[in-house]
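Read through the structure below, which is laid out as structure tokens, and then see the notes.
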Ligand code: GDP
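In full-length UniProt numbering, the protein residues as written are 1 to 600.
This is how it looks when you write it as structure tokens:
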């Protein structure tokens, strides 16, 4: 057994934790790989250390990659710890004491694509958590006519470009700067930024050629050193605090936790408190594991045991009773504190993340606490009520709970980044519960909203089909073709759609008088089933006699039952054409002169 490398630092400043965010395919993974790769190829100088779920790049490695950009004497922070899982999903999962776990973020934006939905989403999260960030304007090597300068700082690279290529790139960069400003951030190319606290620096990079990567590391290092030094000063020997990245079954160790420690030290044998599905779990660390160095990976054992790990670091914790632990939950070392106080601390942190639920709504499942919260926020924004929200895969119980929702559109499970247990899949088949799952939050919410809209539209259509529709029409002068049995007259439809077989009548004073029923409509000698506003047709009306009940020039109405008028007015005004709405309004106005509450 050996002490972890992070333990023997000369001072008590911890490594800043860096997260990489951005739209899918904009190059987050490639950029992380490039940073790791550059660090590995720099060889001897410190080199990188692979942690569980994170990669540490020490200061001397950064300075050898950055060359003249970084003078290690200017810095006393030990380096940078990059979270290995890119994307804002893991970013929002990773929290510490209510804030973001990452101290600083890199927002990757494809220079050609600019801002995309997940870029906006990432920006929102960065805003909400107040996390400082730089923008990596990636894929500069795809600029037409680009002359790649492998691994060079951006200024060196610029000098090697034709005017055309560099002005093409500049155009794209200014586009991104404009988009940042639209999102409320004053931004500029990083070498023009004086004050990084009020401005976002944009670093042109290529994750493929490595151009600009020295600059990116330099800016991250400089930002951390300048603005985060105080935050990085921790009691290294103090009781450790961290956040669960993943709960994982590990051969020989049972259920283990992959954790990022952001404060203090954790040691083998420490009593720890971990956030769980029920009450916080109190247990004892059996083993602390870190990955074996790459060179030794071929051996059977993938992990090295270490005595202790100091923040900031990624570590695997083996301990009993971890089955109910949740990704995103806090981990705290008790050490010489009162255990109950630590438990209360973990409980209150969990309570902050808890989602407001209601009597009626949808069921939400997510893979981590942070993502559950992000889902809940998105649903609140979309005004979707939540009946139950939990971390974990979709289980039969979720199907049972979802099916108790009163409204069909709430008999839904929204699963974010989760699997469906096979027995739950069977139950879903047999029930009316609908499952939506995705690993992009806005997509999930959008899919659900589309489903609700389509359902509502379909429902309105069936209602509209069954309902009698308003129409107003006028008997034309000199167009009486038959007096009665049935009366046949020429009419002009003034508003709405006149349909065959409907009852018609007129207002006599304020009383509606039903006159008879349409038994035929003819247009230009042909039988038709309806006539739209503006059309002139001849109609047969069973009941009245022209000259006695009705006359030329009379204005007649379709007789709209009160219940139908009410549904139309209260629920369907958006679904019917303007002229029909006018007929409805006229019909209601006439009735309401006699009875103000008619159809209400
Ligand atoms: P992620 O989804 O954001 O993690 O994106 P990836 O890192 O998987 O990259 C998506 C695609 O873009 C891959 O095919 C990469 O090879 C490519 N790519 C990423 N960065 C660059 C770059 O700087 N230049 C070029 N030419 N291609 C890149």
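All C-beta atoms, glycine included, are put in the ideal place defined by N, C-alpha and C.
Less than 7 Å between the beta carbons of residue i and residue j, yes or no?
| i | j | result |
| --- | --- | --- |
| residue 319 | residue 283 | yes |
| residue 18 | residue 125 | no |
| residue 331 | residue 272 | yes |
| residue 491 | residue 473 | yes |
| residue 543 | residue 560 | no |
| residue 370 | residue 415 | no |
| residue 280 | residue 381 | no |
| residue 107 | residue 122 | yes |
| residue 87 | residue 179 | no |
| residue 530 | residue 502 | no |
| residue 621 | residue 164 | Residue 621 is absent from the structure shown; the chain starts at 1 and stops at 600. |
| residue 571 | residue 495 | no |
| residue 51 | residue 110 | no |
| residue 202 | residue 137 | yes |
Residue i and residue j look like a contact to me (Cβ under 8 Å); what is the Cβ gap, rounded to whole Å?
| i | j | result |
| --- | --- | --- |
| residue 117 | residue 442 | 6 Å |
| residue 83 | residue 53 | 7 Å |
| residue 455 | residue 409 | 6 Å |
| residue 158 | residue 166 | 6 Å |
| residue 355 | residue 389 | 4 Å |
| residue 325 | residue 276 | 5 Å |
| residue 15 | residue 80 | 6 Å |
| residue 391 | residue 372 | 6 Å |
| residue 567 | residue 468 | Not quite, the Cβ-Cβ distance comes to about 10 Å (not below 8 Å), so this is no contact. |
| residue 538 | residue 481 | 6 Å |
| residue 387 | residue 401 | 7 Å |
With a threshold of 16 other CB atoms inside 10 Å of the CB of residue i, please say whether the residue is buried or exposed.
| i | result |
| --- | --- |
| residue 349 | buried |
| residue 341 | exposed |
| residue 573 | exposed |
| residue 411 | buried |
| residue 510 | exposed |
| residue 462 | exposed |
| residue 423 | exposed |
| residue 417 | buried |
| residue 578 | exposed |
| residue 458 | exposed |
| residue 359 | exposed |
| residue 74 | exposed |
| residue 600 | exposed |
| residue 265 | buried |
| residue 191 | exposed |
| residue 523 | exposed |
| residue 209 | buried |
| residue 226 | exposed |
| residue 450 | exposed |
| residue 312 | buried |
| residue 404 | exposed |
Can you tell me whether DSSP reads residue i as helix, strand or coil?
| i | result |
| --- | --- |
| residue 597 | coil |
| residue 322 | coil |
| residue 461 | helix |
| residue 562 | helix |
| residue 23 | coil |
| residue 501 | coil |
| residue 450 | helix |
| residue 116 | coil |
| residue 191 | helix |
| residue 567 | helix |
| residue 530 | strand |
| residue 470 | coil |
| residue 91 | helix |
| residue 590 | helix |
| residue 257 | strand |
| residue 316 | strand |
| residue 380 | helix |
| residue 248 | strand |
| residue 330 | strand |
Please confirm whether any heavy atom of the ligand MG lies closer than 6 Å to the CB of residue i.
| i | result |
| --- | --- |
| residue 84 | Judged by which ligands are present, the ligand MG is missing from the structure shown, whose ligands are the ligand GDP. |
Which residues share a DSSP beta bridge with residue i?
| i | result |
| --- | --- |
| residue 507 | 512 |
| residue 82 | 18 and 55 |
| residue 239 | 265 |
| residue 127 | Per DSSP, none; premise fails for residue 127. |
| residue 303 | 291 |
| residue 654 | Lying outside 1 to 600, the shown extent of the chain, residue 654 is not represented and no answer is given. |
| residue 50 | 55 |
| residue 207 | DSSP, once it has assigned bridges, lists no residue as partnering residue 207. |
| residue 542 | 517 |
Contact criterion: CB-CB distance below 7 Å. Does residue i meet it with respect to chain B?
| i | result |
| --- | --- |
| residue 59 | Judged by its chain identifiers, the structure shown contains no chain B, having just a single protein chain. |
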